[in-house]
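See below for the structure under consideration.
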Amino acid sequence: MKYQSQSVAKAYFYCAMALFGIQVLGGLLAGWIYVSPNTLSEIVPFNVIRMIHTNALIVWLLLGFFGAAYFLVPEESERELYSVKLAYLQLIILMVGTLGAVGSYLVGIHGGREFLEQPLWVKFGILVAAVIFLFNISMTVLAGRKTAITNVLLMGLWLLCLLWVFAFINPDNLSLDKMYWWMVIHLWVEATWELVMAAILGYLMLKLTGVDREVVEKWLYVIVATALFSGILGTGHHFYWIGTPGYWQWIGSIFSTFEVIPFFLMMSFAFVMVWKGRKNHPNKAALLWSLGSSTVAFFGAGVWGFLHTLHGVNFYSHGTQITAAHGHLAFYGAYVALNLAIFTYAMPMLRGRDPYNQVLNMASFWLMTGGMTFMTFVLTFAGTIQTHMQRVLGENYMDVQDSLSLFYLMRFGAGAAVVVGALLFIYSLVVVRKREVIQPGPAQPGPAQSVAGE
Amino acid sequence: MAEILTKTRARNIFYGGSIFFVVVFIALTAQSHRHIVKTSTAGMPLTEQVALGKHVWEKNSCINCHTLHGEGAYFAPEIGNVMTRWGVADDPETAYEILDGWMQAQPSGIEGRRQMPHFEITEEEMRALSEFLRWADQTDTQGWPPNDAG
Ligand code: HEM
Ligand SMILES: [Fe+2]
Numbered sequence: 001m002k003y004q005s006q007s008v009a010k011a012y013f014y015c016a017m018a019l020f021g022i023q024v025l026g027g028l029l030a031g032w033i034y035v036s037p038n039t040l041s042e043i044v045p046f047n048v049i050r051m052i053h054t055n056a057l058i059v060w061l062l063l064g065f066f067g068a069a070y071f072l073v074p075e076e077s078e079r080e081l082y083s084v085k086l087a088y089l090q091l092i093i094l095m096v097g098t099l100g101a102v103g104s105y106l107v108g109i110h111g112g113r114e115f116l117e118q119p120l121w122v123k124f125g126i127l128v129a130a131v132i133f134l135f136n137i138s139m140t141v142l143a144g145r146k147t148a149i150t151n152v153l154l155m156g157l158w159l160l161c162l163l164w165v166f167a168f169i170n171p172d173n174l175s176l177d178k179m180y181w182w183m184v185i186h187l188w189v190e191a192t193w194e195l196v197m198a199a200i201l202g203y204l205m206l207k208l209t210g211v212d213r214e215v216v217e218k219w220l221y222v223i224v225a226t227a228l229f230s231g232i233l234g235t236g237h238h239f240y241w242i243g244t245p246g247y248w249q250w251i252g253s254i255f256s257t258f259e260v261i262p263f264f265l266m267m268s269f270a271f272v273m274v275w276k277g278r279k280n281h282p283n284k285a286a287l288l289w290s291l292g293s294s295t296v297a298f299f300g301a302g303v304w305g306f307l308h309t310l311h312g313v314n315f316y317s318h319g320t321q322i323t324a325a326h327g328h329l330a331f332y333g334a335y336v337a338l339n340l341a342i343f344t345y346a347m348p349m350l351r352g353r354d355p356y357n358q359v360l361n362m363a364s365f366w367l368m369t370g371g372m373t374f375m376t377f378v379l380t381f382a383g384t385i386q387t388h389m390q391r392v393l394g395e396n397y398m399d400v401q402d403s404l405s406l407f408y409l410m411r412f413g414a415g416a417a418v419v420v421g422a423l424l425f426i427y428s429l430v431v432v433r434k435r436e437v438i439q440p441g442p443a444q445p446g447p448a449q450s451v452a453g454e
Numbered sequence: 455m456a457e458i459l460t461k462t463r464a465r466n467i468f469y470g471g472s473i474f475f476v477v478v479f480i481a482l483t484a485q486s487h488r489h490i491v492k493t494s495t496a497g498m499p500l501t502e503q504v505a506l507g508k509h510v511w512e513k514n515s516c517i518n519c520h521t522l523h524g525e526g527a528y529f530a531p532e533i534g535n536v537m538t539r540w541g542v543a544d545d546p547e548t549a550y551e552i553l554d555g556w557m558q559a560q561p562s563g564i565e566g567r568r569q570m571p572h573f574e575i576t577e578e579e580m581r582a583l584s585e586f587l588r589w590a591d592q593t594d595t596q597g598w599p600p601n602d603a604g
């Protein structure tokens, strides 16, 4: 760690991991209710548990982004943060707001727009925190060296904070409400967050592979260009059936199909950089998470997104378990895994030591990724059957659900693996064990001459 | 990547193109806003009562179990066409009675069946909720859902 002020990131990452724990435990409980529906039904109903699950996810991902910005911007800008105090103040506001929101959900106080259920005072808290953040980070960047990475990162963060304004716009007209709601939801995960993801991934590749900055930065601009060119009009794939005009069926189908491209490019970028760079960075776990993130994001967002994005398909699959399958793998690959990549990379430095617990960390990668993949498959099977029985044959919703119980049981098993993986991950970063579970072999010098096949 | 695509060019394409798409998107959004107000939701007036009903829907976080026009949680049935499913889309009084009867009967307590909670809702709010759901049902959703099962 070159700059003292980078250490605020540590507090952000710890808080993020605590909420990550709450998120997956909430998810596991929700998955259990699908298996055994009477569980807690009169004490904490499903809708409350789901709010905690989704809200904790969104906040911890944002905390991770903010922490990542506080970690990498000083290095990129070659100067200390504008204000460490403001950064801590921002974190306190966000944590008080989040825990306040969770508490108020448990006593039945909440809004009713999906993902935006936070009571108004929490929404304002988030707004204030966002303003503090933008001020603090922009002042740092403006005074220092400007790079494409900070450029793209800041643009993503500025735009995502601005879009938060739509969290306050809730027209009485349900169709208008829905249309503006997507300006937060879709334009976050399929536009502005992609900019943040690409910037963090670019930074990780720069550090882990040792490839030239020029190369990384050119890739970066191409990736984010394809992200916004497709993602903005791609919003149309949510405007098929909510009262918006019919032309969105064409615009949405065409542009959201192009949304696959940035995810494909990010995956290609990560692998090409590793291939070209050949740097033997000691933090193998961070490299695994970076490659894993871009790959699973391509499948979760790109492939599973495309699966149901054409309006002819979406007419039947809209709002089924297929949507749930896609939502889970996309969030996991693109944003969860990317955050875990930067945590894995940064934590050893923030704690002033060499990378530690790498074997445990990598084991947690496979547990979580295996679990999420399995969950996605079973939900996709369940969703396919649901689509056919309910949307094609017209059978009653509850009857159809009854015939899917085996899939929900398997989903719970997959979720359990994810929870074990998540707890193992947190343990591997928080607790520094004296020795690796498996000792690393001796370092090998790179090959002197080119080897056949290169 | 070929040399014609320098970093500066890539950056400029990114900025210029993004601004272009933002402008197109804003124009289409404005047009869609007008379409919603004037056409697709114009089948039934958006009264105070409907607005109150929407508020009741939100206050009880119904969306985190149900879907409404296909959006929400996937734990409980679609509500956007429930009035059609019950055959009361054009009959406010019966719509209210069936909805009220349904809500009062929850939770069913049946072992192994997903449970809907009991909600404290006044008669005024229940009537408003019923009108909100009838209002949502008359929205022109381009023919979705494919059938009454929702
Ligand atoms: C990392 C990026 C992405 C994330 C995190 C993500 C997440 C989600 C989530 C959570 C939903 C459900 C929203 C709701 O509650 O109604 C959703 C819906 C949807 N997503 Fe994505 N998504 C991503 C990228 C994509 C991409 C690239 C595509 C298309 C190629 C896509 C296509 C869709 C479609 C069509 C729906 C609507 C499904 C329905 O009709 O029920 N998504 N996405
Ligand atoms: Fe989307």
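One line per chain: the protein sequences are A and B, in this order. Numbering of the first sequence is given in the numbering used here, commencing with residue 1 and proceeding in unit increments. Numbering of the second sequence is given in the numbering used here, commencing with residue 455 and proceeding in unit increments. Virtual Cβ for every residue (Gly too), placed ideally from N, Cα, C. These figures come from a predicted structure and were not determined experimentally.
Using a Cβ cut-off of 7 Å, pull out every chain A residue sitting near residue i, in sequence order please.
i, result
"B:K492", "The premise fails here: B:K492 is roughly 11 Å from chain A at the closest Cβ pair, so nothing lies under 7 Å."
"B:L587", "Chain A residues near B:L587: none, gap ~10 Å exceeds 7 Å."
"B:L500", "D172 and N173"
"B:R568", "P37"
"B:G524", "W241, H318 and G319"
"B:A590", "L174"
"B:T495", "N173, S175 and G243"
Using the beta-carbon of each residue, which ones in chain A are nearer than 8 Å to residue i?
i, result
"B:W598", "Y240, W241, F315 and H318"
"B:P561", "S41 and E42"
"B:T521", "G319"
"B:E578", "Simply none; closest approach about 17 Å."
What does residue i pair with, by DSSP beta-bridge criteria?
i, result
"A:L360", "For A:L360, which the question treats as bridged, DSSP gives no partner whatsoever."
"B:E532", "B:T521"
"B:G526", "B:T521"
What distance in whole Å lies between the Cβ atoms of residue j and residue i, which are believed to be in contact at a cut-off of 8 Å?
i, j, result
"A:G300", "A:H326", "7 Å"
"B:Q592", "A:P37", "So it is not a contact: roughly 32 Å between Cβ atoms."
"B:L583", "A:D172", "B:L583 to A:D172, Cβ: 14 Å. No contact."
"A:F115", "A:I58", "6 Å"
"B:I575", "B:V510", "6 Å"
"A:M273", "A:T209", "5 Å"
"A:Y12", "A:L63", "5 Å"
"A:F298", "A:L429", "Not really, about 26 Å apart at Cβ, beyond 8 Å."
"A:M389", "A:V400", "5 Å"
Starting from residue i, find everything on chain B with Cβ-Cβ shorter than 7 Å and list it in chain order.
i, result
"A:H110", "S515"
"A:F258", "Result: empty, since nearest Cβ-Cβ is about 11 Å, beyond 7 Å."
"A:Q348", "A small correction: the amino acid at residue 348 of chain A is Pro; Gln does not occupy that position in the sequence shown. Within 7 Å Cβ-Cβ: nothing; A:P348 doesn't reach chain B, min ~31 Å."
Identify the contact partners of residue i in chain B, using a Cβ-Cβ distance below 8 Å as the criterion.
i, result
"A:A324", "Y528"
"A:G246", "Q596"
Name the chain B residues that come within less than 9 Å of residue i, Cβ to Cβ?
i, result
"A:L233", "F475, V478, F479 and L482"
"A:Y397", "A530, P531, E532, A603 and G604"
"A:M179", "T483, S486, H487 and I490"
"A:M17", "In chain order: nothing, as chain B lies at least about 25 Å away."
"A:G394", "P600, N601, D602 and A603"
Give the interface partners of residue i over in chain A, defined as CB-CB distance under 9 Å, in chain order.
i, result
"B:W556", "Going along chain A, no residue has its Cβ under 9 Å from B:W556, so there is no contact; the nearest lies around 13 Å."
"B:T593", "L174, S175, I242 and G243"
"B:E512", "H110, G111, G112, R113, E117 and N170"
Q: Name, going along the chain, the residues of the region 462–488 of chain B whose beta-carbon falls closer than 8 Å to a beta-carbon of chain A.
A: Here the close residues are A464, R465, I467, F468, G471, S472, F475, V476, V478, F479, L482, T483, Q485, S486 and H487.
Q. For the region 198–228 of chain A, which residues have a beta carbon sitting closer than 8 Å to at least one beta carbon of chain B?
A. Residues of the region 198–228 of chain A with a C-beta atom less than 8 Å from some C-beta of chain B are E214, E217, K218, W219, Y221, V222, V224, A225 and L228, listed in chain order.
Q. If contact means a Cβ-Cβ distance below 7 Å, which residues of the region 165–177 of chain A contact chain B?
A. Within the region 165–177 of chain A, the residues whose Cβ lies closer than 7 Å to some Cβ of chain B are D172, N173, L174, S175 and L176, listed in chain order.
**Q.** beta strand (DSSP E) runs contained entirely in the region 108–163 of chain A, provided each spans 3 or more residues
**A.** Correct list: empty.
Q: Ignoring anything shorter than 4 residues or poking outside the region 546–579 of chain B, list the alpha helix (DSSP H) runs there in chain order.
A: Listed in chain order, they are 546–558.
Q: Note down, in chain order, all residues in the region 537–555 of chain B with a beta-carbon under 7 Å from any beta-carbon belonging to chain A.
A: For the region 537–555 of chain B, there are no residues whose beta carbon sits under 7 Å from a beta carbon of chain A.
Q) Residue ranges of each alpha helix (DSSP H) run of no fewer than 4 residues wholly in the region 337–406 of chain A, ordered along the chain? A) Qualifying alpha helix (DSSP H) stretches, in chain order: 337–350, 358–386 and 397–402.
(Q) Residues of the region 370–391 of chain A in Cβ contact with chain B at a cutoff of 8 Å, in chain order, please. (A) Q390 and R391: these are the residues of the region 370–391 of chain A whose beta carbon lies less than 8 Å from some beta carbon of chain B, given in chain order.
Q) Closer than 7 Å, Cβ to any Cβ of chain B: which residues of the region 91–124 of chain A, in chain order? A) Contact residues of the region 91–124 of chain A toward chain B are H110, G111, G112, R113, E114 and E117 (C-beta to C-beta distance below 7 Å).
Q) Which ranges does the beta strand (DSSP E) cover as unbroken runs of at least 3 residues, wholly within the region 462–513 of chain B, from first to last along the chain? A) No beta strand (DSSP E) of 3 residues or more sits fully in the region 462–513 of chain B.
**Q.** 4 or more residues per run - each alpha helix (DSSP H) lying fully within the region 240–294 of chain A
**A.** Fully enclosed alpha helix (DSSP H) runs of 4 or longer: 248–258 and 260–277.
Q) Relative to chain B, which residues along the region 48–73 of chain A have a C-beta separation below 9 Å, given in chain order? A) For the region 48–73 of chain A, the beta-carbon criterion of a distance under 9 Å to any beta-carbon of chain B is satisfied by V48, I49, R50, M51 and T54.
Q.
Please identify, using Cβ separations under 9 Å, the residues of the region 417–436 of chain A that lie next to chain B, in order along the chain.
A. Those residues of the region 417–436 of chain A placed with their C-beta closer than 9 Å to a C-beta in chain B do not exist.
Q) Going along the chain, which unbroken runs of the alpha helix (DSSP H) with 4 or more residues stay wholly within the region 189–229 of chain A? A) The qualifying runs are 193–209.
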